[in-house]
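To convert, count from 1 in the sequence shown and add 9; that's the numbering used here.
Note that beta-carbon positions come from the ideal geometry of N, C-alpha and C, so glycine has one too.
Here the structure is laid out as structure tokens; the discussion comes afterwards.
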Amino acid sequence: MSTIHSAAGGRKKLVAGNWKMFTTPQSAAELARAVAHGVAGTAGRGGVLVCPPFPFLGLVAAALERSPVALGAQNCFHELEGAFTGEVSPRMLRDMGCDYVILGHSERRHKLGETDELISRKVRCAVEVGLRVILCFGETLPEREANKTEQVLDRQFSGSLAGLPPDKVPQLVFAYEPVWAIGTGRHATPEQAEQAHAFLRRRAAAAFGDVAARALTILYGGSVNPGNAASLFAEPEVDGGLIGGASLKANDFLDIVKAALPTSTP
Ligand code: 13P
10 MSTIHSAAGG RKKLVAGNWK MFTTPQSAAE LARAVAHGVA GTAGRGGVLV
60 CPPFPFLGLV AAALERSPVA LGAQNCFHEL EGAFTGEVSP RMLRDMGCDY
110 VILGHSERRH KLGETDELIS RKVRCAVEVG LRVILCFGET LPEREANKTE
160 QVLDRQFSGS LAGLPPDKVP QLVFAYEPVW AIGTGRHATP EQAEQAHAFL
210 RRRAAAAFGD VAARALTILY GGSVNPGNAA SLFAEPEVDG GLIGGASLKA
260 NDFLDIVKAA LPTSTP
């Protein structure tokens, strides 16, 4: 498992690339090599993670060998094995070298109909095999305009984390990804991100206690790019980013990594 450095404030900083359903075998391997090269020598200074599509996990794992860049997947099933045609077990992800899995992404909630109840089952299954879960939260534009952001985050929190054994809480990372900012070029202001992250942390404190909540890494996602990353990451509650489009260009992704982990420049 890659080393994740504790940032000022004691929390772990992390920059994760969500490659979504992009790349080819060749471009995935090239991108992974470029990211590994870009963060070479920074082991222990921060957490950098890439999440390629399932079929490319093996070749990306090979490209990342001996690098501090961690590997994650974008989804998993809620059982460890069985007759579930087409599904992927969290144990298989571990066996392929994954440390992380993204769950509850808004594209899965909204385009594939995943419910909080389904997500909670996936979360419990993934943490059981030792994966760290990047659990996504976020409101739609109509929900934000109706002042329902906190209500939505609260509902997603209660539903997606139902039944989680308390000793698994340290395996969680949260990502606040307002749906209206994903793939739109429109990002939350640093203040909007800060407020949503602070709400999630208060909610975590109520559920898991202050110590666990203070240690929880909360990423911002939604049109993060090299131009806006520094201002978002300057907020005390923003512990890094979950990057979509900009993670597909090595230079852009590495610039974002530098904005989050400024000491990581060799
Ligand atoms: P974009 O950075 O492309 O807006 O995507 C964000 C995201 O969904 C990351 O999971």
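Query: How big is the Cα-Cα spacing for N260 and A268?; Result: 12 Å
Query: Might you give, ordered along the chain, the residues of its own chain that have their beta carbon closer than 8 Å to the beta carbon of A238, omitting 5 neighbours on each side?; Result: G250, D264, I265, A268, A269
Query: Which residues does DSSP pair with N27 in a beta bridge?; Result: C60
Query: For R210, which of Q201, L228, D248, R223 has the nearest alpha-carbon?; Result: R223
Query: Over what stretch of residues does the alpha helix (DSSP H) that includes L263 continue unbroken?; Result: 259-269
Query: Could you tell me if D248 is buried or exposed, where buried requires 16 or more neighbouring beta carbons within 10 angstroms of its beta carbon?; Result: buried
Query: In this structure, how does DSSP classify K22 when only helix, strand and coil are distinguished?; Result: coil
Query: Does Q165 pass the burial test, meaning 16 or more other C-beta atoms within 10 Å, or should it be called exposed?; Result: buried
Query: With 16 as the cutoff for other CB atoms within 10 Å, does A93 come out buried or exposed?; Result: Note that residue 93 is Phe in the sequence shown, not Ala. When all chains shown are included, F93 counts as exposed.
Query: Beta-carbon within less than 6 Å of A16's beta-carbon, same chain only, minus the 5 sequence neighbours each way: which residues are those?; Result: For A16, the predicted model reports a pLDDT of 46, less than 50, meaning its position is unreliable and no value from the coordinates is stated.
Query: Hey, is N27 close to the ligand 13P, as in C-beta under 7 Å from one of its heavy atoms?; Result: yes
Query: I'd like to know whether the C-beta atoms of E9 and H206 end up nearer to each other than 8 Å.; Result: This structure does not reach residue 9, given that the chain is present from 10 up to 275, and the question cannot be answered.
Query: Counting beta carbon pairs with one atom in the segment 33-49 and one in the segment 114-133, are three or more of them shorter than 8 Å?; Result: no
Query: Taking the straight line between their C-alpha atoms, what separation do you get for P175 and T226?; Result: 16 Å
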